[in-house]
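Asks:
In the numbering used here, the protein residues as written are 3 to 303.
Given below as structure tokens:
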């Protein structure tokens, strides 16, 4: 939500405290605001507003909210705390999602199950949920780190804050295996290699991934993994490629590799494929990556 007559912007978390106290999620330092003034929470029916017994009251669309009453919030609703002069507008009534917010400009927020930072077009780092349920900050040239809601970190000289609701909707509503690494990946490659069609089979379900620019990068990585396997390397060692070697093979920049990895992961995440980020694995701090699926089928048309 955003301030109606100002520049402040507030991204609601799962359980959001409004008040004068510095421990509040939205701090309002005016004297007419109580220390713990109101709460905004995400529930089964959506966002709900409650007054916490404040001295000067909480207002919804100009009307006083009785303490303890839960009032559902809708798009365009106007909220005021203590006085009607300072109103806040509900501009996005959607559910809370994992988010990255720029510290110096809270209006700039990135969200989703796969988050490229500092932007989806320039993903120097990627945030995603690992198989163990923890959120991972992955960088191509540094050690991976785990994130908890509220953690602050830096990418490209800019400070960001990660927030995550306590309850995140599952990324899949099927009975598919828990991770994409258990899938079979099919490549259909034209003889001139101008077109690479991709499909994935997981839990008996076949998904058409189409022909995308990032498919060729995935094909090159798949060939490395198949070649290592045919040479008798251990499964844990198969397919690892240094990113600078990959950039030379593809004749692209390292930034382009990061972008295509992020786009591939987001494509699978948008299709509700479980463990979508595992389609590409990175060795923490080594600048090595590989395709995260062992069962690879490559067919030249």
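For each residue, glycine too, the CB sits at the ideal point set by N, CA and C. Note that the structure is a prediction, hence the values are computed from the model and not measured.
Just to confirm, are residue 220 and residue 209 a CB contact at a threshold of 8 angstroms?
Replies: No.
Asks: Would you say residue 102 and residue 76 are within 8 angstroms of each other, going by their C-beta atoms?
Replies: In this structure, residue 76 does not lie closer than 8 angstroms to residue 102 by Cβ.
Asks: If you compare alpha carbons, which of 34, 205 and 289 is closest to residue 184?
Replies: The candidate whose alpha carbon is nearest that of residue 184 is 205.
Asks: At which residues does the alpha helix (DSSP H) containing residue 226 begin and terminate?
Replies: Where residue 226 is concerned, the enclosing alpha helix (DSSP H) stretches over 216 to 232.
Asks: For the pair the stretch 30 to 49 and the stretch 137 to 147, tell me if three or more CB-CB distances fall below 8 angstroms.
Replies: Flag = no, the stretch 30 to 49 and the stretch 137 to 147 do not touch.
Asks: I think residue 200 touches residue 211, with their Cβ atoms under 8 angstroms apart; what is that distance to the nearest whole Å?
Replies: The pair is a contact, with the Cβ atoms about 4 angstroms apart (cut-off 8 angstroms).
Asks: Decide if the stretch 97 to 115 is in contact with the stretch 77 to 84; the criterion is three or more beta carbon pairs, one per stretch, under 8 angstroms apart.
Replies: The stretch 97 to 115 vs the stretch 77 to 84: no contact.
Asks: Quick one: what does DSSP say residue 134 is sitting in, helix, strand or coil?
Replies: Of the three classes helix, strand and coil, the one that applies to residue 134 here is coil, per DSSP.
Asks: How many whole angstroms separate the CB atoms of residue 162 and residue 105, which I take to be in contact at a CB cut-off of 8 angstroms?
Replies: The pair is a contact, with the Cβ atoms about 6 angstroms apart (cut-off 8 angstroms).
Asks: Does the separation of the CB atoms of residue 189 and residue 198 fall below 8 angstroms?
Replies: Yes, Cβ-Cβ distance for residue 189 and residue 198 is below 8 angstroms.
Asks: Which residues in the same chain have their Cβ closer than 8 angstroms to the Cβ of residue 23, if we skip the five residues on either side of it in sequence?
Replies: Cβ neighbours of residue 23 beyond the five flanking positions: 29, 37 and 38.
Asks: Grouping DSSP H, G and I as helix and E and B as strand, with all else coil, what is residue 190?
Replies: DSSP places residue 190 in strand when its eight states are reduced to three.
Asks: Ignore the nearest five residues each way along the sequence and tell me which others in residue 231's own chain have a CB closer than 6 angstroms to its CB.
Replies: Same-chain partners within the cutoff: 240.
Asks: Just confirm the distance between the C-beta atoms of residue 52 and residue 71, as a whole number of angstroms; I'd bet it's less than 8 angstroms.
Replies: 7 angstroms between Cβ atoms; contact.
Asks: Using CA coordinates, which residue listed in 26, 12, 259 and 229 is at the minimum distance from residue 218?
Replies: Closest option to residue 218, Cα to Cα, is 259.
Asks: Going by DSSP in three states, residue 203 sits in which element: helix, strand or coil?
Replies: Reduced to three states, the DSSP call for residue 203 is strand.
Asks: Suppose contacts are defined by Cβ-Cβ distances below 8 angstroms. Is residue 279 in contact with residue 130 by that definition?
Replies: Yes, the pair counts as a contact, with Cβ atoms nearer than the cut-off.
Asks: Given residue 16, which residues of its chain have a CB within under 6 angstroms of its CB, disregarding the five upstream and five downstream residues?
Replies: Hits under 6 angstroms: 44, 98, 167 and 168.
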